[in-house]
Amino acid sequence: MPRTMDDDALMIRTAEGEEAAFRLLVQRWERDVLSFLIHMLGSIEEAEDLVQDTFVQVFKKAGSYQATGMFKSWLFRIAGNLARSRLRRRKVLRWVRFDPVVHDMGDAGRGPDGDLEHSQRQEAVRAALGRLPQRQREALALHRFQGMRYKEVAEAMGTTVPGVESLIQRAMAALREDLAGKGDQL
Amino acid sequence: MKHVTNRIQAYISGELAGDRKAAVEKHLDGCPACRDEVDRARQAWEMLGTMETPPSENGSVWPAVQARTFGRETSDREWFFGAGNLTRTGLATAAVAAGLMLGILLPIGSDHNEGVDSGLTDESWLVESSWLSDSSWLGGDATAGLDDILLGADLLDEGNGS
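In the order they appear, the protein sequences are chains X and W.
Residue numbers for the first sequence follow the working numbering, beginning at 1 and rising by one.
Residue numbers for the second sequence follow the working numbering, beginning at 1001 and rising by one.
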């Protein structure tokens, strides 16, 4: 199985039951999906659970996938739906939180002087991201962290390009205001 | 002069092209306030780009996904311990809830059998709990267990009546 095979071709083979094709897809995208879900949920543990669920859904829906070169949007639509569902459930259970501990990340290779300032800033930005309204956070995560164009984000979120533009504009304004209010500059 | 504040994010994201991009740039040429806003927005955008993704302590999800898709048989142990942490928590919570339900239901049954007023008329707890007799929602073993309970209640009633 050539590793350069495109996603549509891998999906077609997955739908035909070819395990190696599906494996390649999972390994190609799992890191990006995990990163997106961490930004959405603020919890590595929950994100890891949903990465599995996302790919199980991909497998189940492989037969209905339309090979139009929009695999990434399709994949993140599934991941986004699962994340929104998880967030709704959290809301019902009043578990809403954005745990800073789970976001504590390593700063390998950074000097000791830069360590504290860097990690504090990262932490402040992550917390501010967690306070954004869900759809703004989703649009921003897909665009800024997954490098998706507005059109792809719109496809993934089931909305329009102007809708995405508005969400991202408001998200960035809110982030800057939030951080400015805490004496941090973004 | 109408400012272009609402287009600035799309502009620095490289999402504007053609006439729309030209219109924003034309405005920026003559508007220091919007130029400052572009600088601030660009700084924020670049700062956001330096955000790091927390490292996952676990490896690839492939083995777990493979088990759930290509049907590798899982042992009883894997069924529980191979599940995610949240799934395990959910299963454990369900088990505790089931235990509590039993703790609540069984004393009601024994009150009835001892003639204590449980708020239900004689025999009525069995009638009103007739959904219990539809045991299709239970597994085979559980159904057998329920039959035993009901049979035990009948025998006690017969004993009381004689």
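Idealized CB from N, CA, C, for every residue including glycine.
Whole-angstrom distance between residue j and residue i, CA atom to CA atom
| i | j | result |
| --- | --- | --- |
| Gly1014 (chain W) | Lys72 (chain X) | 20 Å |
| Asp104 (chain X) | Leu1105 (chain W) | For Asp104 (chain X), the pLDDT reaches just 42, beneath the cut-off of 50, and the residue's location in the model is therefore unreliable, although a value from the coordinates is still provided. Roughly 46 Å separates the two Cα atoms. |
| Ala180 (chain X) | Ser85 (chain X) | 31 Å |
| Val1065 (chain W) | Ala1023 (chain W) | 49 Å |
| Ala21 (chain X) | Gly158 (chain X) | 27 Å |
| Asp49 (chain X) | Ser43 (chain X) | 10 Å |
| Ala124 (chain X) | Val51 (chain X) | 25 Å |
| Ala141 (chain X) | Leu41 (chain X) | 11 Å |
| Arg1068 (chain W) | Glu177 (chain X) | 44 Å |
| Ala1033 (chain W) | Asp1039 (chain W) | 10 Å |
| Leu198 (chain X) | Gly163 (chain X) | With chain X running from 1 to 186 in the structure shown, residue 198 (chain X) is simply not present. |
| Glu165 (chain X) | Ile38 (chain X) | 22 Å |
| Leu117 (chain X) | Met1051 (chain W) | Note that residue 117 (chain X) is Glu in the sequence shown here, rather than Leu. Roughly 14 Å between the two C-alpha positions. |
| Gly1049 (chain W) | Phe145 (chain X) | 7 Å |
| Arg1035 (chain W) | Glu45 (chain X) | 42 Å |
| Gly69 (chain X) | Val153 (chain X) | 14 Å |
| Pro1054 (chain W) | Asp115 (chain X) | 16 Å |
| Leu121 (chain X) | Ile1012 (chain W) | Leu is not the amino acid found at residue 121 (chain X); the sequence shown has Arg there. Whole-angstrom Cα-Cα distance: 22 Å. |
| Gln169 (chain X) | Asp1019 (chain W) | 20 Å |
| Ser1118 (chain W) | Ala1098 (chain W) | For Ser1118 (chain W), the predicted model reports a pLDDT of 41, less than 50, meaning its position is unreliable; a value from the coordinates is still stated below. Distance between the alpha carbons of Ser1118 (chain W) and Ala1098 (chain W): 22 Å. |
| Asp99 (chain X) | Ser119 (chain X) | Residue confidence is low: Asp99 (chain X) scores 48 on pLDDT, short of 50, so the model does not pin down where it sits. Its coordinate-derived value is still stated next. Cα-Cα distance, rounded: 15 Å. |
| Glu16 (chain X) | Ala83 (chain X) | 28 Å |
| Leu1146 (chain W) | Lys60 (chain X) | Confidence at Leu1146 (chain W) is low in this model, with a pLDDT of 41, below 50, so the placement of that residue should be treated as unreliable; the coordinate-derived value is given next. For Leu1146 (chain W) and Lys60 (chain X), the distance between alpha carbons rounds to 37 Å. |
| Ala139 (chain X) | Leu87 (chain X) | 16 Å |
| Ala1092 (chain W) | Val56 (chain X) | 23 Å |
| Ser1056 (chain W) | Arg126 (chain X) | 17 Å |
| Leu1138 (chain W) | Asp53 (chain X) | Confidence in Leu1138 (chain W) is poor, its pLDDT being 39 and thus under 50, which makes the residue's placement unreliable; the coordinate value appears in the next sentence. Going by the C-alpha atoms only, they are around 27 Å apart. |
| Met11 (chain X) | Ser35 (chain X) | 22 Å |
| Lys1021 (chain W) | Pro1063 (chain W) | 47 Å |
| Met5 (chain X) | Gly147 (chain X) | 21 Å |
| Arg23 (chain X) | Leu1100 (chain W) | 43 Å |
| Ala47 (chain X) | Leu132 (chain X) | 18 Å |
| Glu1037 (chain W) | Glu1025 (chain W) | 13 Å |
| Glu1046 (chain W) | Lys151 (chain X) | 21 Å |
| Ala1142 (chain W) | Gly1090 (chain W) | Confidence at Ala1142 (chain W) is low in this model, with a pLDDT of 40, below 50, so the placement of that residue is unreliable and no value is reported for it. |
Integer-rounded CB distance, given that residue j should sit under 8 Å from residue i
| i | j | result |
| --- | --- | --- |
| Glu19 (chain X) | Phe1070 (chain W) | 5 Å |
| His1027 (chain W) | Val1061 (chain W) | The pair is not a contact, with the Cβ atoms about 48 Å apart (cut-off 8 Å). |
| Ala1095 (chain W) | Leu175 (chain X) | Contact doesn't hold; Cβ gap of about 43 Å is too wide. |
Pick from the options that is closest to residue i, judged by C-alpha positions
| i | options | result |
| --- | --- | --- |
| Gln66 (chain X) | X:Asp8, X:Gly163, X:Glu138 | X:Asp8 |
| Ser64 (chain X) | X:Thr14, X:Lys151, X:Glu123 | X:Thr14 |
| Ala1017 (chain W) | X:Arg149, X:Met40, X:Ile12 | X:Arg149 |
| His143 (chain X) | X:Thr68, X:Glu177, X:Met172, X:Val26 | X:Met172 |
| Gly1059 (chain W) | X:Ser166, X:Ala156, X:Gln27, X:Thr68 | X:Gln27 |
| Arg137 (chain X) | X:Met70, X:Ala154, X:Leu167 | X:Leu167 |
| Val33 (chain X) | X:Thr68, X:Ala127, X:Asn81 | X:Asn81 |
| Ile1008 (chain W) | W:Asp1019, W:Arg1042, W:Gly1099 | W:Arg1042 |
| Ile78 (chain X) | X:Leu10, X:Ala62, X:Arg126 | X:Ala62 |
| Val58 (chain X) | X:Leu116, X:Gly69, X:Leu25, X:Thr68 | X:Leu25 |
| Ala1010 (chain W) | X:Ala174, X:Val161, X:Leu175 | X:Val161 |
| Leu75 (chain X) | X:Ala47, X:Arg88, X:Ser119, X:Glu155 | X:Glu155 |
| Arg90 (chain X) | X:Ser35, X:Gln134, X:Thr54 | X:Gln134 |
| Gly1030 (chain W) | W:Ala1095, W:Lys1002, W:Ala1092, W:Val1096 | W:Lys1002 |
Using Cβ-Cβ distances below 9 Å, what residues of the stretch 1043 to 1060 of chain W are close to chain X?
For the stretch 1043 to 1060 of chain W, the set of positions with a beta-carbon nearer than 9 Å to some beta-carbon of chain X reads Gln1043, Ala1044, Trp1045, Met1047, Leu1048, Gly1049, Thr1050, Met1051, Glu1052, Thr1053, Pro1054, Pro1055, Ser1056, Glu1057, Asn1058, Ser1060 in chain order.
Interface residues of the stretch 73 to 91 of chain X facing chain W [CB-CB below 7 Å]:
Taking 7 Å as the Cβ-Cβ cut-off against chain W, none of the residues of the stretch 73 to 91 of chain X qualify.
Under 7 Å (Cβ pairs) to chain W, residues found in the stretch 33 to 58 of chain X:
Those residues of the stretch 33 to 58 of chain X that come within reach of chain W (Cβ to Cβ, closer than 7 Å) are Leu34, Ser35, Ile38, Ile44, Glu45, Glu46, Glu48, Asp49, Val51, Gln52, Phe55, Val56.
Which residues, in order along the stretch 171 to 182 of chain X, keep a beta-carbon less than 9 Å from a beta-carbon of chain W?
Ala171, Met172, Ala173, Leu175, Arg176, Leu179: these are the residues of the stretch 171 to 182 of chain X whose beta carbon lies less than 9 Å from some beta carbon of chain W, given in chain order.
Using a Cβ-Cβ cutoff of 8 Å, what residues of the stretch 1012 to 1029 of chain W are near chain X? List them in chain order.
Correct list: Ser1013, Glu1015.
Using a beta-carbon distance cut-off of less than 9 Å, what residues from the stretch 18 to 32 of chain X approach chain W?
Within the stretch 18 to 32 of chain X, the residues whose Cβ lies closer than 9 Å to some Cβ of chain W are Glu19, Phe22, Arg23, Val26, Gln27, Glu30, Arg31, listed in chain order.
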